[in-house]
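*Asks:* Below is the structure I would like to discuss, written out as structure tokens.
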Amino acid sequence: MPVANPRVLLVNDDGIDAPGLVMLESIVRRFTDDIWVVAPDEERSGAGHSLATTQPIRVRQRDERHFAIKGTPTDCALLAIYELIEGKRPDILISGINRGPNLAEDITYSGTAAAAMEGALLGIPAIALSQFFRPPAAVQWDTAEMYAGPVIEKLLQLEWTPGLFVNVNFPGCPAGEVTGMRVTTQGQRPPGAFIPERRVDVRHVPYYWIKIMLPDGGHAPGNDLQAMLDKEVSITPMQLEMTCHPAMTKLEALFGQA
Numbered sequence: 001m002p003v004a005n006p007r008v009l010l011v012n013d014d015g016i017d018a019p020g021l022v023m024l025e026s027i028v029r030r031f032t033d034d035i036w037v038v039a040p041d042e043e044r045s046g047a048g049h050s051l052a053t054t055q056p057i058r059v060r061q062r063d064e065r066h067f068a069i070k071g072t073p074t075d076c077a078l079l080a081i082y083e084l085i086e087g088k089r090p091d092i093l094i095s096g097i098n099r100g101p102n103l104a105e106d107i108t109y110s111g112t113a114a115a116a117m118e119g120a121l122l123g124i125p126a127i128a129l130s131q132f133f134r135p136p137a138a139v140q141w142d143t144a145e146m147y148a149g150p151v152i153e154k155l156l157q158l159e160w161t162p163g164l165f166v167n168v169n170f171p172g173c174p175a176g177e178v179t180g181m182r183v184t185t186q187g188q189r190p191p192g193a194f195i196p197e198r199r200v201d202v203r204h205v206p207y208y209w210i211k212i213m214l215p216d217g218g219h220a221p222g223n224d225l226q227a228m229l230d231k232e233v234s235i236t237p238m239q240l241e242m243t244c245h246p247a248m249t250k251l252e253a254l255f256g257q258a
């Protein structure tokens with residue numbers, strides 16, 4: 001998809017003022033000045049591929065090409081593509097840079113990945129970018145800053161197929177310790193990544209936080225989880241088509257289809 005001065009749509013789920021998005025815009029300006037930023041007005045982490053269908057979506061325009069949306073990352077992608085961007089559609093949608101990983105089953109919860117999915121659904125090449133870290137460790141933004149540009153530049157040369165989006169994770173180490181880039185498969189951790197934790201408020205009424213555990217395991221040669229252990233940038237091609245093809249024959253036999 002080589003395009004001179006490509007039109008780029010930037011979205012995220014950490015909010016329009018998040019440092020990862022500010023950094024991403026600065027990186028993308030190295031190879032284009034046609035940038036539109038349409039992002040949530042506040043953090044929407046864990047929003048998944050959700051839509052605001054029971055309440056109105058408010059838009060606050062900050063300047064000609066920056067819009068804060070009271071909605072989900074998916075809402076941002078939809079509004080940008082159908083309503084806010086003037087003239088031609090974006091050549092590519094880039095979501096992130098997320099503060100924290102989007103690996104393995106994280107994809108199903110991630111607002112960062114969801115914005116990229118929506119781009120793919122609408123026929124626009126899309127990339128999700130995330131910087132791995134585990135609290136209380138500091139976020140290694142220098143790693144994302146060094147590697148995001150080269151990754152995006154290479155992906156702009158890709159011959160994109162329908163339904164494809166690319167999920168990129170930068171390892172949680174200083175930039176100088178990164179060992180390389182690897183095209184990976186999606187891993188799968190054992191159950192228990194997200195667990196409700198019960199607490200009681202000052203009025204003795206119970207409430208819950210969803211605790212992020214990220215259990216160890218699910219590592220296998222060539223998958224995204226292993227790439228983080230190996231201090232590699234993980235580049236995972238993802239697709240919207242989720243049919244479990246190995247189960248087709250068994251189900252057809254069960255339901256009497258030839």
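All letters in the sequence shown, in the order written, are residues 1 to 258 by my numbering.
Ideal Cβ placement from N, Cα and C applies to all residues, glycine included.
1. Glycine 20: which of Pro246, Gly100 and His49 sits nearest, CA to CA?
2. Does DSSP classify serine 26 as helix, strand or coil?
3. With H, G and I counted as helix, E and B as strand and the rest as coil, what does DSSP make of proline 150?
4. Within 10 angstroms of the Cβ of serine 244, are there 16 or more other Cβ atoms? Answer buried if so, exposed if not.
5. Just tell me which of Leu78, Asp41 and Leu51 has its CA closest to the CA of arginine 62.
6. What separation, rounded to the nearest whole angstrom, lies between the Cα atoms of glycine 261 and glycine 149?
7. Restricting to Cα atoms, I'd like to know which of Ala68, Arg58, Ile27 and Met228 is closest to glycine 15.
8. In this structure, does DSSP put leucine 129 in helix, strand or coil?
9. Compute the distance between the beta-carbons of arginine 182 and glutamate 232, then report whether it is under 8 angstroms.
10. Between the Cα of threonine 108 and those of Pro246, Met238 and Leu254, spot the shortest distance and give me the residue it belongs to.
11. For proline 56, is the beta carbon positioned less than 7 angstroms from some heavy atom of the ligand NAD?
12. Closer than 6 angstroms by C-beta to aspartate 34: which residues in its own chain qualify, once you throw out the five before and the five after it? Chain order, please.
13. Suppose the cutoff is 6 angstroms on Cβ atoms and the five residues either side in sequence are ignored; what does the same chain contact list for threonine 185 look like?
*Replies:* According to the data block:
1. Taking the sequence shown and counting its residues from 1, one reaches residue 20 at position 20. That would be Gly100, whose Cα lies nearest to the Cα of glycine 20.
2. One-based indexing of the sequence shown puts residue 26 at position 26. Correct three-state label for serine 26: helix.
3. Here the question's residue 150 lines up with position 150 in the sequence shown. DSSP places proline 150 in helix when its eight states are reduced to three.
4. For this step, residue 244 is matched to residue 244 along the sequence shown. The residue you asked about is not serine; residue 244 is cysteine in the sequence shown. So cysteine 244 ends up on the exposed side.
5. Along the sequence shown, read from residue 1 onward, the residue named residue 62 stands at position 62. When only C-alpha atoms are compared, the closest one is Asp41.
6. Because the chain in this structure spans residues 1 to 258, residue 261 falls outside the shown range and cannot be described.
7. Position 15 of the sequence shown, counted from the start, is the residue given in the question as residue 15. Just measuring C-alpha positions, the residue of Ala68, Arg58, Ile27 and Met228 sitting nearest glycine 15 is Ala68.
8. On the sequence shown, residue 129 is found 129 positions in, with the first residue counted as 1. Strand at leucine 129.
9. As a first step, residue 182 must be located in the sequence shown, where it is residue number 182. As a first step, residue 232 must be located in the sequence shown, where it is residue number 232. Yes.
10. Position 108 of the sequence shown, counting from 1, holds the residue named residue 108. Comparing Cα positions, the closest option is Met238.
11. As presented, the structure is devoid of all ligands, the ligand NAD included, so that no description of it is given.
12. Reading the sequence shown from its first residue, position 34 is the one you call residue 34. So the list reads Asn5 and Arg7, once near-sequence residues are dropped.
13. As a position in the sequence shown, residue 185 is number 185, starting the count at 1. Correct list, in chain order: Gly222 and Asn223.
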